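Heads up, the final residue of the sequence shown is numbered 630 in this note's numbering, and it's a clean run with no missing numbers. Glycine included, each C-beta is placed from N, C-alpha and C at the ideal position. Here the structure is a predicted model, which is why all the values come from computation and not from measurement. This report concerns only the one structure given below.
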Amino acid sequence: MQKLASPASVLLIALLVGYLTGRVRSTALAKSTCQDECGSVTIPFPFGIGVGCFLNKWYEIICEGDSIKVPRLKKIGVEVLKISLPYSRNHGDMYTSPSGTIEVRLPIVFSNKKCISNDYRTGWAAPSLDGSPFVYSKDKNKFFVFSCHHQAVINNTGQVLAGCKSECRGANFSDSGICSGYNGCCEMGISSMVLREFGVNFMPEDGLTTGVGDECSYALLAKESWLRPKLTNLHDLKGEGFVLGVLEWGIPSNSSLEVRLSQSCQHCGKGSISVLPNAVHQFYCSPGYIGNPYVANGCQDIDECRDPLFSHCPGFCENKVGSFRCRDTTKLFEIVMRELEKATDNFNDDRILGKGGQGTVYKGMLSDGTIVAVKKSGALDEGKVKQFINEVLILSQINHRNVVKLLGCCLETEVPLLVYDYISNGTLYQYLHEPNEESPVSWEVRLRLAMEIAGALSYLHSATSIPIYHRDIKSTNILLDQNYQAKVADFGTSRSVPLEKTHLTTLVQGTFGYLDPEYFQTSQFTDKSDVYSFGVVLVELLTGQKPICQLRAEEGRSLATYFIISLENNCLFDILDHQILQQAEEEEVAAVAELAKRCLNLNGRS
């Protein structure tokens, strides 16, 4: 038999299911039936390739080339290097530009034909943006001149807008990367201009318009942050003859798209750029969201807890729609009995969330407004006290986003009380087996839940200071929060395992249907036993069926056995939940089914 190293297998499951989830969860940037890339450049709507894929003629991209694809703005004729969507300035510069931008290739302008042997330019007009929803970025671009005896000017229809003069009196700019105006290089910002069309011309330093001579000078408009590091070595750049410039873009005011977004875009903000005389607006996803506001449902919640660039949370991070919550996890806090009585209306029966072998769970609200779940043990026999102590010890060392969080405890009474985060959407068992017809459980959600449960198990088995065996993984012990994210719960029967030990010899505990047969036969609980139980949950997610069903033939009453028999008879697709049959790709289903089969391997150590 193939050896199955359980923690690694669980991690493999998490990674593979995460890969599959990523395929179905990625936020659409282009229209659903449109090409969204040309070469290495992503093309988000309102830009597009092909009929019906762009907003209007200004946003049309043509994708040229055979082996190497190059995108161009068809109307303007410039090569596109990158298109960035705008975002709220509160996000910080992590994914896109604060303003929607297009990075394009702009030519270097040379003073005479001796400067370069190929496509030289001794006077140059920039691609005209007149009438377009674009403007040359005044914040990101800068004008540079490289010369010893020339000045270069930016002009518009013959009118000089600005310029700078470069002389050679000291150390060359290549030594410092700084343009002083006296070291062969000068530079000028364009923040006071609205540039939509302009040209570049050279003049001698005395200001005359003729007689520039044979000196090889050159000028360029380029993205400052891109060019600055290249100032110490411009040889290759001059040879290529092009630099990177930046356009800002928006959508026309009162266009049908602008009107629709203004009225109905969820989680969106709105700004504008200076492209007079045209009014142009930019839409961006609100803080806490990311994506493309120009497509339907394009702004998606950022899971700050998955990305530390967003959350900077050193403690326990809880994702919320549009935000997150960060709590200190350095210690549990003790809660007085009086507060818990007030929080639960004196443990009113109307506040009961559920009852089990380890006690009753009540919903309550603490004085600071925190909604909590309070577990009250139903008896004080020695076994219950041990389970209470065990649960406190186990949960106090756990900090994982997919494990229910123990907030504190009350030690004032004989009956021990534990206080947890309140998880609002019930159990996975209820979600799968008591479904809401209006909100069926999609394939995408099933994959995500599988990934989250697997990640939590991998953490318990291998990432805590001492490995933890849960010993009762089942769909009723997996809670769902307000975002339907999985939270593994109920650690009363869990055990910490010294690193040098591979198993625990205990009285058999667990739930039939989820119980590892090897553990049942030997009384030796290993990490593989948890993985077996996870395999049953995975089959529940695939089939929508309960772990034990008396209506099936005797050999198939156990869902695990029924699943294995179906695989052996090539009948997998006969037992899948109808939602999966309608939504999932066959290869994805087959991959997850194979993972479930590995988890249910009856001899995981041989």
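With the cut-off set at 7 Å, would you say Gly201 and Thr256 are in Cβ contact?
Gly201 is a Cβ neighbour of Thr256, given a cutoff of 7 Å.
Using the beta-carbon count (16 or more within 10 Å), is Gly213 buried or exposed?
Exposed is the call here.
On a CA-only basis, which of Glu358, Ile359, Cys329, Leu364 is nearest Phe348? Give me that one, please.
Distances from the CA of Phe348 to each of Glu358, Ile359, Cys329, Leu364 were compared; the closest alpha carbon is that of Cys329.
Whole angstroms are fine: how far does the CA of Ser161 sit from the CA of Phe558?
Cα-Cα distance, rounded: 54 Å.
Taking all protein chains shown into account, decide if Ser91 is buried (16 or more other Cβ within 10 angstroms of its Cβ) or exposed.
Residue burial annotation: Ser91 is exposed, with fewer than 16 other C-beta atoms found within 10 angstroms of its C-beta.
Do Asn225 and Asn207 have their C-beta atoms closer together than 7 Å?
No, the Cβ-Cβ distance between Asn225 and Asn207 is not below 7 Å.
Starting from Gln324, trace the beta strand (DSSP E) in both directions and tell me its first and last residue.
Secondary structure note for Gln324: its beta strand (DSSP E) is the uninterrupted segment 323-325.
In whole angstroms, what separates the C-alpha of Ile126 from that of Trp273?
Within the model, the alpha-carbon separation for Ile126 versus Trp273 is close to 7 Å.
Using only the alpha-carbon positions, how far apart do Val283 and Val319 sit?
Each residue's alpha carbon lies about 14 Å from the other.
From Leu105 to Pro95, what does the alpha carbon distance come to, in whole angstroms?
Approximately 8 Å, taken between the alpha carbons.
Given a cut-off of 7 Å on the beta-carbon distance, is the pair Leu285 and Phe307 in contact?
Result yes, Cβ atoms of Leu285 and Phe307 sit closer than 7 Å.
With burial defined as no fewer than 16 other Cβ atoms inside 10 Å of the residue's Cβ, what is the status of His602: buried or exposed?
Burial call: exposed.
Going along the chain, which residues of its own chain have a beta-carbon closer than 7 Å to the beta-carbon of Leu390, five neighbours each way excluded?
If we look at Leu390 and ignore the five residues flanking it on each side, its Cβ neighbours are Glu363, Ala367, Val396.
Integer-rounded CB distance, given that Ile107 should sit under 8 Å from Phe69:
The Cβ separation is near 10 Å, so there is no contact.
Minimum length 3: unbroken beta strand (DSSP E) runs contained in the region 179-233:
Runs found: 183-191, 209-213, 223-228.
Under the three-state reduction of DSSP, which class applies to Glu264: helix, strand or coil?
Of the three classes helix, strand and coil, the one that applies to Glu264 here is helix, per DSSP.
Roughly how many angstroms separate the alpha carbons of Phe170 and Leu185, rounded to a whole number?
Cα to Cα, Phe170 sits roughly 19 Å from Leu185.
Contact set for Thr437: own chain, Cβ-Cβ below 8 Å, skip 5 residues either direction
So the list reads Met361, once near-sequence residues are dropped.
For His305, three-class secondary structure by DSSP
Strand, per DSSP.
First through last residue of the alpha helix (DSSP H) which encompasses Leu251
Start and end: 248-251.
Sort Pro228, Asn423, Arg129, Arg622 by Cα distance to Leu562 and report the nearest one.
Looking at the Cα atoms, Arg622 is the closest of the given residues.
Could you spell out where the alpha helix (DSSP H) holding Phe587 opens and where it closes?
Unbroken alpha helix (DSSP H) run through Phe587: 583-592.
What is the C-beta distance between Ile497 and Tyr538, in whole angstroms, given that I count them as a contact (C-beta under 8 Å)?
That belief holds up - the Cβ atoms of Ile497 and Tyr538 are roughly 6 Å apart, short of 8 Å.
Residue from Asp373, Val613, Ser482, Tyr453 with nearest C-alpha to Ile422
The candidate whose alpha carbon is nearest that of Ile422 is Ser482.
Roughly how many angstroms separate the alpha carbons of Lys399 and Ser56, rounded to a whole number?
Computed Cα separation, rounded: 48 Å.
Once you ignore the five residues that flank Lys164 on each side, which residues in its own chain have a CB closer than 6 Å to its CB?
The residues are Lys247, Val270.
In angstroms with no decimal places, state the Cα-to-Cα distance between Trp82 and Phe134.
Taking the Cα positions, Trp82 is about 29 Å away from Phe134.
Since Leu452 is in the alpha helix (DSSP H), which residue starts that stretch and which ends it?
Counting along the chain, the alpha helix (DSSP H) containing Leu452 begins and ends at 452-457.
For Thr66, does the three-state DSSP call read helix, strand or coil?
Here Thr66 carries a strand assignment [DSSP, helix/strand/coil].
Give me the residue from Arg470, Gln324, Arg495, Asp540 with the minimum Cα distance to Ala510.
Between Ala510 and the set Arg470, Gln324, Arg495, Asp540, the nearest pair of CA atoms involves Arg470.
Between the Cα of Val128 and the Cα atoms of Glu103, Ser310, Leu435, Ser590, which residue gives the shortest distance?
Closest option to Val128, Cα to Cα, is Glu103.
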